[in-house]
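So the mapping is simple: my numbering equals the position in the sequence shown, first residue as 1, plus 92. For glycine and all other residues, C-beta sits at the position ideal for the given N, C-alpha and C. Let me begin by presenting the structure, written as structure tokens, before commenting on it.
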Amino acid sequence: MAHPKRKISKTRRDKRRTHYKASVPQIATCPTTGEPHLYHRAHWHEGKLYYRGQVLIDNSAEEENAA
93 MAHPKRKISK TRRDKRRTHY KASVPQIATC PTTGEPHLYH RAHWHEGKLY
143 YRGQVLIDNS AEEENAA
């Protein structure tokens, strides 16, 4: 079995890990509503679920009926 001959210092370990960074999420703008959202994700706006500019779910009519 392979074992390290010397302890790797915290500095050396952290130097190796400097390249592991979180990437900034890309933000898209909906062509219909103008709302910012994540790419390839549906988003809610005024009781409607939009994806690629199209309405998938419309809860605004249900809310009006319930009131």
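Beta-ladder partner(s) of residue i, from DSSP
i: L141; result: W136, I149
i: H111; result: In the DSSP output, where bridge partners are listed per residue, H111 has none listed.
Run of the beta strand (DSSP E) containing residue i, from where it starts to where it stops
i: T121; result: 119–121
i: H129; result: 128–130
Residue i to residue j span [Cα, whole Å]
i: H135; j: Y142; result: 5 Å
i: D106; j: L148; result: 46 Å
i: C122; j: N151; result: 19 Å
i: H95; j: R108; result: 19 Å
i: R98; j: K113; result: 27 Å
Contact under 7 Å by Cβ, residue i with residue j
i: E127; j: H111; result: no
i: T124; j: G139; result: no
The ligand ADP heavy atom lying under 6 Å from the CB of residue i
i: T110; result: The ligand ADP is not part of this structure, which contains no ligands at all.
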